[in-house]
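> There's a structure below that I have some questions on.
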Amino acid sequence: MIVGVDEAGRGPLAGCVVACALYIKDKRKIINPELPKISSDYGYFRGSGKLIVKDSKKLSPLQREITFEQFRENTVFSVGLATPKEIDRLNILKATFVAFERAIAGLLKSYPRLKRADFIIDGNRFSTNIPIKYQCVVKADESVLEAAFASIVAKLFRDYLMGVADMCFPEWDFMKHKGYPTQEHIDIIEKYSLCPLHRRSFAPCHPEKGHTTNQRR
């Protein structure tokens, strides 16, 4: 049994970092030579007898949605997150570990038998007090199916959260840039300063820049 663990949202200036731990219930229903070939435009495809999955960051929102619908019913997963305040207090690496742990703990609570699984963590390091067997794999989302699907779920859930943020703080236009450090986002910060979702430990939002928190909704 393999559980893939990946995240979305380490780089943005605002919003949570989101992690997902995912297990495929029956790979035969996904990796099945009798199924029709799936276009590479929609996330994964068959070639040389293997199922290949693209990095979720390289997929469009529509492609991620379509790919998710392809595997949703044959997987179990849990999502965990770390808030902007936790990111500022711990640093982004440790906050990512917290999100990983919360996703893993949620999955094990619902599916205790997965305690015996091998957990593949995307990245080069991880630390946890949860008694599991795990291995860190750089770019696991490009080589391990479970991690690739976990990456897609994490990205979809984070995009949903940023859509909610956009409704709460419309001036910052989170629906468009998802909190990433685009020039448009930086210009908005210069105009409106920070909202409660911004990560003050990240350079463009740092207090030394003179930014304050704008509480308007």
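Counting in this note's numbering, the sequence shown runs from 53 upward without gaps. For every residue, glycine included, the Cβ atom is placed at its ideal position computed from N, Cα and C.
If you draw a straight line from the alpha carbon of Ile204 to that of Lys109, how long is it in whole angstroms?
8 Å
> With DSSP collapsed to three states, give me the class of His250.
In the structure shown, His250 falls within a strand segment according to DSSP collapsed to helix, strand and coil.
> Determine the burial state of Ser130: buried for a count of at least 16 other Cβ atoms within 10 Å of its Cβ, exposed for fewer.
buried
> Taking 6 Å as the limit between beta carbons, can you name the residues of its chain near Phe254, skipping five residues before and five after?
Leu65
> Go ahead and label Glu125 buried or exposed: buried means 16 or more other beta carbons lie within 10 angstroms of its beta carbon, across all protein chains shown.
Counting every other CB atom within 10 Å of its CB across the protein chains shown gives Glu125 a total below 16, marking it as exposed.
> Given this structure, state the Cα-to-Cα distance separating Trp224 from Glu59, to the nearest angstrom.
Looking at the two C-alpha atoms, the distance is approximately 23 Å.
> Does the structure place the segment 169-177 close enough to the segment 224-237 that three or more beta carbon pairs sit under 8 Å?
no
> Mind checking who Gln235 pairs with in its DSSP beta bridge?
Answer is none; Gln235 lacks a bridge partner.
> Fully enclosed by the segment 146-187, which beta strand (DSSP E) runs are 3 residues long or longer?
The qualifying runs are 170-174.
> Is the distance from the Cβ of Leu208 to the Cβ of Arg116 below 7 Å?
yes
> Can you give me the C-alpha to C-alpha distance between Pro164 and Gly132, rounded to a whole angstrom?
17 Å
> Over the uninterrupted beta strand (DSSP E) stretch that includes Cys72, give me the two end residues.
Val69 to Ile76
> Could you tell me which residues DSSP puts in a beta bridge with Gly56?
Note: Gly56 sits in a beta bridge opposite Leu74 and Ile172.
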